[in-house]
Amino acid sequence: MGTKAYELVVGLEVHAQLQSATKLFCADPTAFGANPNTQVSPVSLAHPGTLPRLNRSVIDMAVRFGLSMGCSIQRKNYFARKHYFYPDLPKGYQVSQLQDPICGGGGLHIRSQEGEKWVQLHHIHLEEDA
Numbered sequence: 684m685g686t687k688a689y690e691l692v693v694g695l696e697v698h699a700q701l702q703s704a705t706k707l708f709c710a711d712p713t714a715f716g717a718n719p720n721t722q723v724s725p726v727s728l729a730h731p732g733t734l735p736r737l738n739r740s741v742i743d744m745a746v747r748f749g750l751s752m753g754c755s756i757q758r759k760n761y762f763a764r765k766h767y768f769y770p771d772l773p774k775g776y777q778v779s780q781l782q783d784p785i786c787g788g789g790g791l792h793i794r795s796q797e798g799e800k801w802v803q804l805h806h807i808h809l810e811e812d813a
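Structure below.
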């Protein structure tokens with residue numbers, strides 16, 4: 684069987700930090716270069732009794748990006764905890780939309796030496812970072 688029988692398919696997982704004044708689930712600032720432990724609160728540290736509050740501007744940014752990529756936008760959004768140990772994750776879990784992403788489908792037309800190509804997007808989801 685020759686190489687013509689196979690098609691190379693490459694998947695990329697791309698992370699982007701949105702330029703939001705506050706974190707995804709609390710009012711803690713996100714200033715780059717700030718001193719360690721100066722942009723935290725009981726919510727971001729998951730102290731007992733604290734509840735998250737979703738940052739609306741981040742939702743707006745994700746929806747705008749999804750629309751620009753031709754994605755379908757989910758009307759109802761869900762977040763779940765991904766439990767794992769990581770040194771910069773004091774809560775022991777990360778809140779993510781991995782199972783129920785805010786945007787699905789879509790893609791981007793690019794030009795190459797071989798002509799125009801369609802790069803398909805699987806989904807866009809939001810998740811908190813440390």
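Numbering (our numbering), first residue to last: 684 to 813. Note that the Cβ used here is the ideal one computed from N, Cα and C, for glycine as well.
Given K759 as reference, the closest of R736, C786 and P731 once Cα atoms are compared:
C786
Residues in its own chain within less than 8 angstroms of S703 by CB, not counting five upstream and five downstream?
T713, N738, S740, V741 and M744
From what residue to what residue does the alpha helix (DSSP H) around A745 run?
R739 to S751
Between which two residues does the beta strand (DSSP E) harbouring H698 extend?
First-last for H698: undefined, no H or E at that position.
Where S795 falls, given that 16 or more other Cβ within 10 Å makes a residue buried:
exposed
Delimiting residues of the beta strand (DSSP E) encompassing S799:
For the sequence presented, residue 799 should be read as Glu rather than Ser. E799 -> beta strand (DSSP E) spans G798 to Q803.
For R758, list the residues DSSP reports as bridge partners.
None; R758 has no bridge partner.
Output the distance between the C-alpha atoms of Y767 and S724, rounded to the nearest integer angstrom.
21 angstroms
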